[in-house]
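Participant: This is the structure, below, for whatever I ask next.
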Amino acid sequence: TRLSLESGRGDVDTIMPSALADEVRTGLQKTPKRLSSRFFYDAEGSRLFQEIMHAPEYYLTRSEYEILDTYKADLLRQFATDNRPFELVELGAGDGLKTKILLGFFADKNADFTYAPVDISVDALDELVIDLRQKWPDLRLNPRHDDYFNALEQLSEESDARRVVLFLGSNIGNFAPEDAIDFYQQLHDHLQPGDLVLTGFDLQKHPAVIHAAYNDKQGITRAFNLNLLRRINRELDANFDLSAFDHYEVYNPETGEARSYLVSQKAQTVQIGALDMTVPFDYGEIIHTEISRKFTRAQIENLAQQTGFSVTGWFTDCKGYFADVVFER
Ligand code: AVI
Numbered sequence: 020t021r022l023s024l025e026s027g028r029g030d031v032d033t034i035m036p037s038a039l040a041d042e043v044r045t046g047l048q049k050t051p052k053r054l055s056s057r058f059f060y061d062a063e064g065s066r067l068f069q070e071i072m073h074a075p076e077y078y079l080t081r082s083e084y085e086i087l088d089t090y091k092a093d094l095l096r097q098f099a100t101d102n103r104p105f106e107l108v109e110l111g112a113g114d115g116l117k118t119k120i121l122l123g124f125f126a127d128k129n130a131d132f133t134y135a136p137v138d139i140s141v142d143a144l145d146e147l148v149i150d151l152r153q154k155w156p157d158l159r160l161n162p163r164h165d166d167y168f169n170a171l172e173q174l175s176e177e178s179d180a181r182r183v184v185l186f187l188g189s190n191i192g193n194f195a196p197e198d199a200i201d202f203y204q205q206l207h208d209h210l211q212p213g214d215l216v217l218t219g220f221d222l223q224k225h226p227a228v229i230h231a232a233y234n235d236k237q238g239i240t241r242a243f244n245l246n247l248l249r250r251i252n253r254e255l256d257a258n259f260d261l262s263a264f265d266h267y268e269v270y271n272p273e274t275g276e277a278r279s280y281l282v283s284q285k286a287q288t289v290q291i292g293a294l295d296m297t298v299p300f301d302y303g304e305i306i307h308t309e310i311s312r313k314f315t316r317a318q319i320e321n322l323a324q325q326t327g328f329s330v331t332g333w334f335t336d337c338k339g340y341f342a343d344v345v346f347e348r
């Protein structure tokens with residue numbers, strides 16, 4: 020099976036409306052109930068995620084920003100070996116905030132490269148392209164509004180530049196472990212020997228730091244999680260009472276998984292009009308909504324090895340919270 024948007028960065032407008040309906044129909048009949056985090060990102064969910072990235076507890080974005088800023092010259096050296104042109108293919112580019120550090124630096128150094136942002140949200144991609152054209156009019160751009168693997172397939176037909184795939188922001192952490200392996204295997208199939216993948220992995224650390232990142236004091240993560248119910252109300256004519264559900268997030272340092280849940284604060288029944296479905300909830304019953312996996316170095320090296328890559332670059336922030344890792348095909 021093809022993985023497309025399992026990273027959780029799916030965007031509302033572009034996921035088929037029936038995908039949400041299918042997810043709700045099957046997910047809310049399971050025990051325990053579950054809904055995939057890929058449905059978090061409607062317009063409001065995307066806005067809340069931007070806010071999360073600025074929350075003091077959500078260290079991930081700042082750590083990765085520091086890494087890219089500190090090591091941009093080292094990264095350029097790895098990407099542009101032998102002065103070969105390269106194509107930066109960014110999967111799930113979004114607003115490209117962190118990537119702009121690299122683009123600006125590479126442009127200053129007159130690097131011979133093309134930037135190919137791939138995103139399933141047309142709006143995000145359009146905004147990004149307008150912004151990039153303004154900032155760097157000479158930047159070669161090859162944007163793709165597409166599914167990750169379709170985009171990779173088409174890109175490989177078009178040029179002989181070295182591919183450098185960017186998969187930043189710990190999006191890989193939102194994959195189930197077997198899907199992460201499948202993802203790198205598919206990348207391996209679509210790339211040529213010598214091509215690179217730069218992935219942002221959130222590392223295992225003091226559990227309290229991780230716990231706080233998903234339980235911010237301002238309640239942004241809570242609103243982000245609950246927004247999924249608001250989306251279902253709007254798109255599937257449901258009547259979830261948001262005040263009768265709570266956000267609960269737990270980090271298990273033994274498995275490295277942060278898990279998000281919505282908790283029913285009373286026994287209640289919810290109607291989902293568009294599906295002609297009635298969903299009963301017990302007091303305290305949960306809906307599992309997200310996994311955010313944290314990795315050890317050994318797990319990352321093992322992932323590379325299992326999927327036919329070698330680790331050729333390992334960059335961390337000064338606290339050792341996050342790693343941007345280069346895999347070579
Ligand atoms: C997009 N993804 C990497 C975020 C994460 O940390 O798993 C989504 C998120 N969920 C709660 N806070 C942020």
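Quick note on UniProt numbering: the sequence shown kicks off at 20 and runs consecutively.
Yeah, the Cβ is synthetic: ideal placement off N, Cα and C, and Gly gets one too.
May I have the straight-line CA-CA distance separating A112 from V345, to the nearest angstrom?
Facilitator: Taking the first residue of the sequence shown as position 1, residue 112 is located at position 93. Taking the first residue of the sequence shown as position 1, residue 345 is located at position 326. About 18 angstroms.
Participant: Going residue by residue through the stretch 113–177, where are the continuous beta strand (DSSP E) segments of at least 3 residues, counting only ones entirely within it?
Facilitator: 132–138
Participant: Report yes if the C-beta of N234 is less than 7 angstroms from at least one heavy atom of ligand 1; otherwise report no.
Facilitator: Along the sequence shown, one-based indexing puts residue 234 at 215. Because no heavy atom of ligand 1 lies under 7 angstroms away, the Cβ of N234 does not count as near it: no.
Participant: Give the secondary structure of H266 by DSSP, where H, G and I count as helix, E and B as strand, and everything else as coil.
Facilitator: The residue you call residue 266 lines up with position 247 of the sequence shown. Under the three-state reduction of DSSP output, H266 falls in the strand class.
Participant: Would you call the CB atoms of A99 and A130 closer than 8 angstroms?
Facilitator: Locating residue 99 in the sequence shown gives position 80, where the first residue counts as 1. Locating residue 130 in the sequence shown gives position 111, where the first residue counts as 1. Contact: yes.
Participant: Taking contact to mean 3 or more Cβ pairs, one atom from each stretch, closer than 8 angstroms, check whether the stretch 228–242 and the stretch 82–98 are in contact.
Facilitator: no
Participant: Just the C-alpha distance for F58 and D101, rounded to the nearest angstrom, thanks.
Facilitator: The residue labelled residue 58 in the question sits at position 39 within the sequence shown. The residue labelled residue 101 in the question sits at position 82 within the sequence shown. Distance between the alpha carbons of F58 and D101 is about 42 angstroms.
Participant: Spatial neighbours of F125 within its chain, please: C-beta separation below 7 angstroms, excluding the five flanking residues on both sides.
Facilitator: Taking the sequence shown and counting its residues from 1, the one referred to as residue 125 is at position 106. For F125, where only same-chain residues beyond five positions count, the Cβ hits under 7 angstroms are L95 and F132.
Participant: Restricting to runs no shorter than 4 residues, where is the alpha helix (DSSP H) found entirely within the stretch 81–106?
Facilitator: List check, alpha helix (DSSP H) in window: 91–98.
Participant: Mind listing, in chain order, the continuous alpha helix (DSSP H) runs of no fewer than 4 residues lying wholly within the stretch 190–225?
Facilitator: 196–209
Participant: Once the 5 residues before and after R312 are set aside, which same chain residues still bring their CB inside 7 angstroms of it?
Facilitator: Mapped onto the sequence shown, residue 312 falls at position 293. Excluding positions up to five away in sequence, the list reads G192, G275 and E276.
Participant: Is I291 near V298, with beta carbons less than 8 angstroms apart?
Facilitator: By one-based count along the sequence shown, residue 291 stands at place 272. By one-based count along the sequence shown, residue 298 stands at place 279. Yes, the Cβ-Cβ distance between I291 and V298 is below 8 angstroms.
Participant: Around the C-beta of T331, are 16 or more other C-beta atoms found within 10 angstroms, so that it is buried, or is it exposed?
Facilitator: In the sequence shown, the residue the question calls residue 331 occupies position 312. So T331 ends up on the exposed side.
Participant: Can you tell me where the beta strand (DSSP E) holding L281 begins and where it ends?
Facilitator: In the sequence shown, residue 281 corresponds to position 262, counting from 1. Taken as a continuous stretch (DSSP letters only), the beta strand (DSSP E) holding L281 covers E276 to S283.
Participant: Let's test the definition: count the other Cβ atoms within 10 Å of the Cβ of V269 and tell me whether it reaches 16, buried, or not, exposed.
Facilitator: Mapped onto the sequence shown, residue 269 falls at position 250. The residue is exposed, with fewer than 16 neighbouring Cβ atoms inside 10 Å.
Participant: By Cβ distance below 6 angstroms, which residues in the same chain neighbour V282 in space, the five residues on each side in sequence not counted?
Facilitator: By one-based count along the sequence shown, residue 282 stands at place 263. Excluding sequence neighbours, V282 sits near D265, Y267 and I305.
Participant: Please classify G292: does DSSP put it in a helix, a strand, or coil?
Facilitator: Within the sequence shown, numbered from 1, the residue matching residue 292 stands at position 273. Correct three-state label for G292: helix.
Participant: Classify G29: buried if its beta carbon has 16 or more other beta carbons within 10 angstroms, exposed otherwise.
Facilitator: For this step, residue 29 is matched to residue 10 along the sequence shown. Its pLDDT being 44, under 50, G29 is placed unreliably by the model, and nothing is read from it.
Participant: Measure the CB-CB distance between F314 and Q223 and report whether it falls below 8 angstroms.
Facilitator: The residue labelled residue 314 in the question sits at position 295 within the sequence shown. The residue labelled residue 223 in the question sits at position 204 within the sequence shown. In contact: F314 and Q223 (Cβ atoms closer than 8 angstroms).
Participant: Leaving out five residues before and five after A170 in sequence, what residues of the same chain have Cβ atoms less than 6 angstroms from its Cβ?
Facilitator: In the sequence shown, the residue the question calls residue 170 occupies position 151. Closer than 6 angstroms at Cβ, skipping near neighbours: V137 and R163.
Participant: Assign V141 to buried or exposed, taking buried as 16 or more other Cβ atoms, counted over all protein chains shown, within 10 Å of its Cβ.
Facilitator: For the purposes of this step, residue 141 is identified with residue 122 of the sequence shown, where counting begins at 1. Label assigned to V141: exposed.
Participant: Is F314 near ligand 1, judged by its Cβ being under 7 angstroms from some heavy atom?
Facilitator: Position 295 of the sequence shown, counted from the start, is the residue given in the question as residue 314. No, Cβ of F314 sits at least 7 angstroms from all heavy atoms of ligand 1.
Participant: Helix or strand or just coil, what does DSSP make of G46?
Facilitator: Start at 1 with the first residue of the sequence shown, and residue 46 comes out as number 27. Helix, per DSSP.
Participant: Could you check which residue in P272, L110, T288 and T218 has the C-alpha nearest to that of L261?
Facilitator: Here residue 261 refers to the residue found at position 242 of the sequence shown. Checking every option, the nearest Cα to that of L261 belongs to T288.
Participant: What do you get for D93, buried or exposed, if any count of 16 or more other CB atoms within 10 angstroms of its CB means buried?
Facilitator: Within the sequence shown, numbered from 1, the residue matching residue 93 stands at position 74. Exposed: under 16 other Cβ atoms inside 10 Å.
Participant: Which two residues bound the contiguous beta strand (DSSP E) that contains G332?
Facilitator: As a working note, residue 332 is residue 313 in the sequence shown. For G332, the uninterrupted beta strand (DSSP E) run begins and ends at S329 to T335, by DSSP.
Participant: Any idea if N271 is buried or exposed, counting beta-carbon neighbours within 10 angstroms, 16 or more meaning buried?
Facilitator: In the sequence shown, the residue the question calls residue 271 occupies position 252. Answer is exposed; the Cβ neighbour count stays below 16.
Participant: By the three-class DSSP mapping on this structure, what secondary structure does S37 have?
Facilitator: Numbered from 1 along the sequence shown, position 18 holds the residue referred to as residue 37. In the structure shown, S37 sits in a helix (DSSP, three-state: H, G or I).
Participant: What is the C-beta distance between A317 and Q284, in whole angstroms, given that I count them as a contact (C-beta under 8 angstroms)?
Facilitator: Indexing the sequence shown from 1 puts residue 317 at position 298. Indexing the sequence shown from 1 puts residue 284 at position 265. About 40 angstroms; that fails the 8 angstroms criterion.
Participant: Check each candidate in S55, V43, L187 and L294 and name the one with the smallest Cα separation from A342.
Facilitator: As a working note, residue 342 is residue 323 in the sequence shown. With distances taken between Cα atoms, A342 lies closest to L187.
Participant: In angstroms, rounded to a whole number, what distance separates the CA positions of N321 and Q48?
Facilitator: Along the sequence shown, one-based indexing puts residue 321 at 302. Along the sequence shown, one-based indexing puts residue 48 at 29. Going from the Cα of N321 to the Cα of Q48 covers about 35 angstroms.
Participant: Taking the beta carbon of H209 as the centre, do at least 16 other beta carbons fall within 10 Å, making it buried, or is it exposed?
Facilitator: Taking the sequence shown and counting its residues from 1, the one referred to as residue 209 is at position 190. Buried, since its Cβ has 16 or more Cβ neighbours within 10 Å.
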